[in-house]
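Enquirer:
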Amino acid sequence: MSPRQESETKRGEAEATPRALVVFTPSGRRGRVARGTSVLDAARRLGVDLDSVCGGRGICGRCQVTVSEGEHAKHGIMCTGAALTPPTPTEEAYAADRGLAEGRRLGCTALVGEDVVIDVPQESQVYRQVVRKEADARSIAVDPVVRLYFVEVEPPQLASPRSDLARLLDALEREWDLHELSIDPVALRNLQHDLRAEPAWSVTVAVHDGSTITAIWPEFHDAAYGIAFDVGSTTVAGHLCDLHTGNVLASAGEMNPQIRFGEDLMSRVSYVMLNAGSEKELTRVVRGCVAKLTAELCREAGVERTDVLELTFVGNPVMHHLLLGIDPTELGGAPFALALDTGLRLHASELGLPVNPGARAYVLPCIAGHVGADTAGVILAEAPHLSDEVTLVVDVGTNAEIVLGNRERLLAASSPTGPAFEGAQISSGQRAAPGAIERVRIDPETLESRVRVIGCDAWSDEPGFADVRVTGICGSGIVEAIAELHLAGVIATDGTIDGSLAGRSGRIVRDGRTYAYVLQAGEPELRVTQNDVRQIQLAKGALHAGCMLLMERYGIDRVPRIRLAGAFGTHIDPVHALVLGLVPDCEPEHVTSAGNAAGTGARIALVDRSARTEIEEVVRRVEKVETAVEPRFQEHFVNAMAIPHDVDPYLRLGAQVALPRRWTATVTTDRAARRRRAAERRAS
10 MSPRQESETK
20 RGEAEATPRA
30 LVVFTPSGRR
40 GRVARGTSVL
50 DAARRLGVDL
60 DSVCGGRGIC
70 GRCQVTVSEG
80 EHAKHGIMCT
90 GAALTPPTPT
100 EEAYAADRGL
110 AEGRRLGCTA
120 LVGEDVVIDV
130 PQESQVYRQV
140 VRKEADARSI
150 AVDPVVRLYF
160 VEVEPPQLAS
170 PRSDLARLLD
180 ALEREWDLHE
190 LSIDPVALRN
200 LQHDLRAEPA
210 WSVTVAVHDG
220 STITAIWPEF
230 HDAAYGIAFD
240 VGSTTVAGHL
250 CDLHTGNVLA
260 SAGEMNPQIR
270 FGEDLMSRVS
280 YVMLNAGSEK
290 ELTRVVRGCV
300 AKLTAELCRE
310 AGVERTDVLE
320 LTFVGNPVMH
330 HLLLGIDPTE
340 LGGAPFALAL
350 DTGLRLHASE
360 LGLPVNPGAR
370 AYVLPCIAGH
380 VGADTAGVIL
390 AEAPHLSDEV
400 TLVVDVGTNA
410 EIVLGNRERL
420 LAASSPTGPA
430 FEGAQISSGQ
440 RAAPGAIERV
450 RIDPETLESR
460 VRVIGCDAWS
470 DEPGFADVRV
480 TGICGSGIVE
490 AIAELHLAGV
500 IATDGTIDGS
510 LAGRSGRIVR
520 DGRTYAYVLQ
530 AGEPELRVTQ
540 NDVRQIQLAK
550 GALHAGCMLL
560 MERYGIDRVP
570 RIRLAGAFGT
580 HIDPVHALVL
590 GLVPDCEPEH
600 VTSAGNAAGT
610 GARIALVDRS
620 ARTEIEEVVR
630 RVEKVETAVE
640 PRFQEHFVNA
650 MAIPHDVDPY
660 LRLGAQVALP
670 RRWTATVTTD
680 RAARRRRAAE
690 RRAS
């Protein structure tokens with residue numbers, strides 16, 4: 010007799026017996042059921058969230074529960090472990106084979122014997138929450154769009170010539186209440202073989218969005234995975250997740266191979282414009298990169314690629330179009346028309362990915378011609394649309410995306426910052442990798458530097474640093490270096506390295522017609538050059554100008570809270586970001602890291618089906634600000650070139666950080682006027 014038959018027999022015998030009160034926590038649902046009813050069936054009757062894949066056969070172990078022993082005065086129950094029947098042979102076999110934590114019972118085999126309070130742990134809930142580590146970030150609901158169902162199918166009979174598919178659909182309707190399902194042709198091809206594989210007539214079925222069978226496995230199968238991809242201009246990153254728990258099992262990233270066609274987005278669009286048909290090559294290489302990362306993630310996590318059933322993608326509009334094989338030429342000039350701005354659902358096979366043949370892919374919606382699906386991911390992760398407080402969210406990358414607002418109103422824009430924040434176009438710049446300088450401190454008296462590199466916790470003046478090989482400087486390192494040099498009086502408000510200090514410190518050296526600061530002596534010698542400072546000024550000026558445009562449109566001159574997202578935003582120190590003038594003035598403690606918010610948004614859309622509807626509704630009401638055609642962008646940009654700013658005295662930062670005394674509002678206002686007049690002359 011199977012475990013399911015055992016349970017049904019006992020349940021039938023119990024119908025005439027007295028009923029017991031069952032209370033489930035944490036849901037608080039309660040009701041009376043016949044004694045001898047399984048905990049799983051009691052949960053289903055009372056609408057309690059208790060998971061199961063095997064349908065009560067004692068195989069999957071997802072329905073584990075705990076008896077909440079002790080007195081429950083509120084419910085009038087004195088509860089002991091004896092409230093449930095003793096373990097059955099099926100439960101004992103499961104515990105011996107796969108293990109059960111102390112006090113845990115299988116809800117499908119444990120029967121209610123008397124009044125009982127039952128706790129359903131989070132891992133046994135279908136709609137669970139995965140809490141992100143950041144204290145102020147939203148939790149992630151787990152309700153994947155694809156689910157697994159184990160069924161026993163009636164064998165064919167000569168007297169009843171119904172097809173294998175019809176009998177499979179009958180079993181799914183009978184055992185799981187799934188109606189009007191269709192089947193993907195790739196799953197249909199092996200249906201008869203899978204049904205007859207030993208043990209025959211028992212299969213696990215993957216159902217996508219409650220409507221389509223996308224994969225079938227002989228026997229019981231409990232592995233379902235998905236991958237969330239963030240396809241950036243410089244880096245492509247992927248996160249392999251368990252669709253049951255929502256947990257990330259492996260993460261990997263790789264340089265976007267499209268970089269050889271151009272470092273920034275517009276240079277790639279220009280390449281396509283100048284080379285007919287070249288968009289196919291850019292599509293091929295980025296899909297190849299995603300396929301390679303897919304294989305790498307599965308290998309790292311020990312996962313079969315055929316168990317990957319769902320994928321999600323975010324990316325800026327150009328990356329979005331090229332991934333999908335769409336010519337991005339229209340994004341290269343006004344009015345920057347998107348081919349589509351809705352979420353897109355397609356077969357993963359259309360992208361050439363090495364996953365289950367029936368796997369599906371979901372691409373988050375774009376917002377505007379320069380505000381892409383990556384921004385939609387940021388909104389989904391940071392949820393400004395659910396907050397009362399106005400928040401400025403900045404995803405810092407080659408193309409910076411900016412979101413400002415709250416539940417009442419949301420604005421979005423992008424700024425062409427270029428790759429300087431990722432170490433490109435910097436004389437000693439490199440990617441954030443072991444050996445790269447990521448932290449810098451400069452003594453304002455001696456002008457001597459201390460550095461810390463990725464892969465070593467010691468500073469350069471500490472014993473543990475002696476054998477460290479320094480290879481270059483990454484984005485967070487160059488930002489800290491310039492901010493520290495400004496605080497030390499080496500770099501003026503206009504970004505000029507003060508050569509008059511060369512006699513005071515040997516670290517300030519002539520570099521052609523300008524000066525440089527020797528950040529790290531030896532081999533290799535690493536310098537902060539005048540051109541490095543200019544590249545960072547250009548990047549941060551564009552970003553700051555984009556923020557100011559949104560603030561003007563919103564009608565505010567200060568933001569109460571700033572979130573820095575992206576790989577660069579995650580590692581940059583908020584104080585140094587403010588000293589540089591990367592973002593508008595704010596209390597340093599209110600400038601915090603959001604991590605890889607775009608990637609997190611892709612992960613939310615992967616593990617929570619309702620998030621897809623949510624973000625598609627939200628992006629429709631986002632107000633788009635196109636910085637490329639805004640007449641005041643140039644004025645904001647010129648003002649933001651100064652460190653930290655030409656007209657804003659950064660009083661909130663200055664209340665906590667001693668900004669250079671020579672930098673005053675009066676001086677900068679005069680200088681700003683001169684710069685504006687010069688800009689106007691150039692424009693005319």
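Per my numbering, residue 10 is the first one in the sequence shown, and the count goes up by one each step. Each residue gets a CB set at the ideal place from its N, CA and C atoms; glycine is no exception.
Let me make sure I understand the geometry here. Which of A168, D186, S172 has the alpha-carbon closest to that of V160?
Expert: Closest by alpha carbon: D186.
Enquirer: Is the closest heavy atom of the ligand HEM to the C-beta of G512 under 7 Å?
Expert: Only the bare structure without any ligand can be found here, which leaves the ligand HEM out of the picture.
Enquirer: Mind pulling the beta strand (DSSP E) runs of 3 or more residues that sit fully within the segment 440-524?
Expert: The qualifying runs are 445-451, 458-462, 517-520.
Enquirer: Could you say which of G590, I127, I487 lies nearest to V656 if we only look at CA atoms?
Expert: Closest by alpha carbon: G590.
Enquirer: Roughly how many angstroms lie between the CA atoms of A285 and T338, to the nearest whole one?
Expert: The straight-line gap from Cα to Cα measures roughly 11 Å.
Enquirer: Output needed for P583: all residues of its chain with C-beta closer than 6 Å, excluding positions within five of it in sequence on either side, in chain order.
Expert: Same-chain partners within the cutoff: P597, V600.
Enquirer: Starting from the Cα of R570, find the closest Cα among L547, R621, Q539, R661 and give me that residue.
Expert: With distances taken between Cα atoms, R570 lies closest to R661.
Enquirer: How many Å lie between D203 and V462 at the Cα?
Expert: Rounded to whole angstroms, D203 to V462 spans 54 Å at the Cα level.
Enquirer: Quick one: what does DSSP say K633 is sitting in, helix, strand or coil?
Expert: In this structure, K633 counts as strand in the three-state DSSP scheme.
Enquirer: Entirely within the segment 597-672 and at least 4 residues each: give me those alpha helix (DSSP H) ranges in chain order.
Expert: Fully enclosed alpha helix (DSSP H) runs of 4 or longer: 606-616, 618-628, 642-649, 660-663.
Enquirer: Using three-state DSSP, classify A681 as helix, strand or coil.
Expert: Any answer about A681 is weak, because its pLDDT of 48 lies below 50 and its placement is not dependable; what the coordinates show is given next. In this structure, A681 counts as helix in the three-state DSSP scheme.
Enquirer: Cα separation between V519 and T455?
Expert: The question names Val, but residue 519 is Arg in the sequence shown. So the alpha carbons of these two residues sit roughly 18 Å apart.
Enquirer: Find the nearest neighbour of L615 within the set L373, I225, T34, judged by alpha-carbon distance.
Expert: If we check each option's Cα against that of L615, L373 comes out closest.
Enquirer: To the nearest angstrom, how far is the alpha carbon of E143 from that of E391?
Expert: Legend: pLDDT at E143 = 43, less than 50; position of this residue unreliable, no value from coordinates given.
Enquirer: How is R269 classed by DSSP in three states: helix, strand or coil?
Expert: Three-state result, R269: helix.
Enquirer: Which of the three DSSP states is assigned to I581 in this structure?
Expert: It is coil, neither helix nor strand.
Enquirer: Would you mind giving the Cβ-Cβ distance between A51 and V31, rounded to the nearest angstrom? I have them listed as a contact below 8 Å.
Expert: That pair is a contact at about 5 Å.
Enquirer: Would a C-beta distance cut-off of 8 Å place A357 and I624 closer than the cut-off?
Expert: Not closer than 8 Å, so no.
Enquirer: Using DSSP with H/G/I as helix, E/B as strand and the rest coil, what is F238?
Expert: Note: F238 maps to strand in three-state DSSP.
Enquirer: Give the secondary structure of S358 by DSSP, where H, G and I count as helix, E and B as strand, and everything else as coil.
Expert: In this structure, S358 counts as helix in the three-state DSSP scheme.
Enquirer: State buried or exposed for N256, treating a residue as buried only when at least 16 other CB atoms are found within 10 Å of its CB.
Expert: Burial call: exposed.
Enquirer: Secondary structure at G79, three-state DSSP: helix, strand or coil?
Expert: Three-state DSSP puts G79 in a strand.
Enquirer: For L200, I'd like the list of residues in its chain whose CB is within less than 8 Å of its CB, leaving aside the five on either flank, ordered along the chain.
Expert: Result list for L200: D173, L174, L177, I192, I225, in chain order.
Enquirer: Less than 8 Å between the C-beta atoms of L93 and C72, yes or no?
Expert: Not closer than 8 Å, so no.
Enquirer: Per DSSP, G324 forms a beta bridge with which residues?
Expert: In DSSP, G324 forms a bridge with V240.
Enquirer: Straight-line CA distance for T34 to V126?
Expert: Spanning the two alpha carbons is a distance of roughly 7 Å.
Enquirer: Whose CA, out of T636, E471, I487, lies closest to the CA of I697?
Expert: As shown, the chain starts at 10 and ends at 693. That puts residue 697 outside it, with no answer to give.
Enquirer: State the Cα-Cα distance for the pair E80 and I86, rounded to the nearest angstrom.
Expert: For E80 and I86, the distance between alpha carbons rounds to 6 Å.
Enquirer: Which one or two residues does DSSP pair with G122 in a beta bridge?
Expert: G122 is not bridged to any residue.
Enquirer: My output table needs one value for P227: the three-state DSSP class, helix, strand or coil.
Expert: P227: strand per DSSP, three-state reduction.
Enquirer: Between which two residues does the alpha helix (DSSP H) carrying T1 extend?
Expert: This structure does not reach residue 1, given that the chain is present from 10 up to 693, and the question cannot be answered.
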